[in-house]
Amino acid sequence: MPSVLQVIQSFFNDVIPHRRALPPRIPVVALVVSEQDRHVLTSVSSLEPLEMHFVASCEEACAVAKTLTAPVILLDRDWPGTQWKVSVQSLAALPHRACVVLMSGVSDDYLLQELNRRGGYDVLLKPLRVDNAARVVKLALSYWNSAPKSAVLARMS
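Numbers 15 to 171, taken from this note's numbering, label the letters of the sequence shown in order.
Next comes the structure, spelled out in structure tokens:
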């Protein structure tokens with residue numbers, strides 16, 4: 015015969031729903047120019063298990079991405095005082111080989127080839143939309159999680 019304590023524990027286990035642990039939030043580093051883009055990316059992070067870390071320079075993006083091992087870095091092509099090609103190369107060369115996504119108002123095959131040649135992952139067309147930004151970030155995360163690091167290194171060749 016079960017004890018009173020066992021009956022009470024059984025009741026609470028069966029009747030009261032268990033609290034499930036929230037999935038860990040995945041860090042994403044973002045270097046953005048406009049408040050509108052910041053707002054869109056904040057919306058994406060509220061819909062997905064992402065934690066956006068907005069930074070003010072390429073150097074800060076490198077430091078934060080390295081510290082958090084952020085798998086995705088979003089870089090605004092129009093960031094003042096930087097050359098996007100050099101920035102992409104620096105960010106893509108981090109030890110954990112983050113997927114660098116270039117946000118740009120224009121996109122063509124030449125831009126994508128230049129981005130890939132420097133180790134970047136994809137172009138996200140501006141003005142940003144929540145659905146497009148979420149899709150590109152999720153694809154980058156999927157690639158980063160599944161690609162062997164040798165394939166990521168080959169992207170930079």
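We put the beta carbon where it would ideally sit given N, CA and C, even for glycine. Computed from a predicted model, the values in this text were never measured in an experiment.
Item: Should residue 162 go down as buried or exposed, given a rule of 16 or more other Cβ atoms within 10 Å for buried?; Value: exposed
Item: Look up residue 61 in the DSSP assignment and say whether it is helix, strand or coil.; Value: helix
Item: Let me check you understand the geometry: is the CB of residue 134 closer than 7 Å to at least one non-hydrogen atom of the ligand ZN?; Value: What this structure holds is no ligand at all, so the ligand ZN is not there to describe.
Item: Using CA coordinates, which residue listed in 112, 74, 131 and 77 is at the minimum distance from residue 151?; Value: 112
Item: Can you pull the DSSP bridge partners for residue 136?; Value: 115
Item: Would you call the stretch 62 to 69 and the stretch 37 to 46 in contact, with 3 or more CB pairs under 8 Å?; Value: yes
Item: Which term fits residue 70, buried or exposed, when burial requires 16 or more other beta carbons within 10 angstroms of its beta carbon?; Value: exposed
Item: Once the 5 residues before and after residue 119 are set aside, which same chain residues still bring their CB inside 7 Å of it?; Value: 140
Item: How many whole angstroms separate the CB atoms of residue 158 and residue 94, which I take to be in contact at a CB cut-off of 8 Å?; Value: So it is not a contact: roughly 28 Å between Cβ atoms.
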